[in-house]
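Let me begin by presenting the structure, written as structure tokens, before commenting on it.
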Amino acid sequence: MELTLAPAESLVMQCLWESGADLTVYEITERLHEVYGKDYANNAVATFMTVLMKKGFVSRYKKHHSHQYHPEVTLDEFRNAQVNKMKNQWYHGSASGVLAALVETDDISPEDLQKMKELLDGYNS
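According to full-length UniProt numbering, the sequence shown is numbered sequentially starting from 1.
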């Protein structure tokens, strides 16, 4: 399964991941407004959820009189898939190329550089 999301789908998934709970369309619509300032209609969010179900990102079950949506892909799984996609598409599969690009950016903090070094040293042990 290819883990790709349109921008609006990404926001919907962020709502689910950040909430840590299964949500209804209404609850997602509310969070999109409150957290992201997006004013989607409930029927638009319901359409996003249908697409996300078809893509395998969420599942749906009925609780009381409403449908609850549950993320089937974790945030870490999605992030890892995106990094791998970028690595393969832009760096010919080279993890060191991705790391070099990160290190060469002007806005990387000394703390992040130290953490990268520690991570790499840990993998060499």
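Just so it is clear, CB atoms sit at the ideal spot from N, CA and C, and this is done for glycine as well.
The structure presented is a predicted model; accordingly, all values stated were derived computationally and were not measured.
On the DSSP bridge assignment, give the partners of residue 23 in chain order. 69
Less than 8 Å separating the beta-carbons of residue 57 and residue 34? no
Among the candidates 55, 36 and 30, whose CA atom is the shortest distance from the CA of residue 43? 30
Let's test the definition: count the other Cβ atoms within 10 Å of the Cβ of residue 69 and tell me whether it reaches 16, buried, or not, exposed. buried
Three-state secondary structure (DSSP) at residue 94? coil
Beta-carbon proximity of residue 38 to residue 11, cut-off 8 Å: yes
Determine whether the beta carbon atoms of residue 46 and residue 25 lie at a separation below 8 Å. yes
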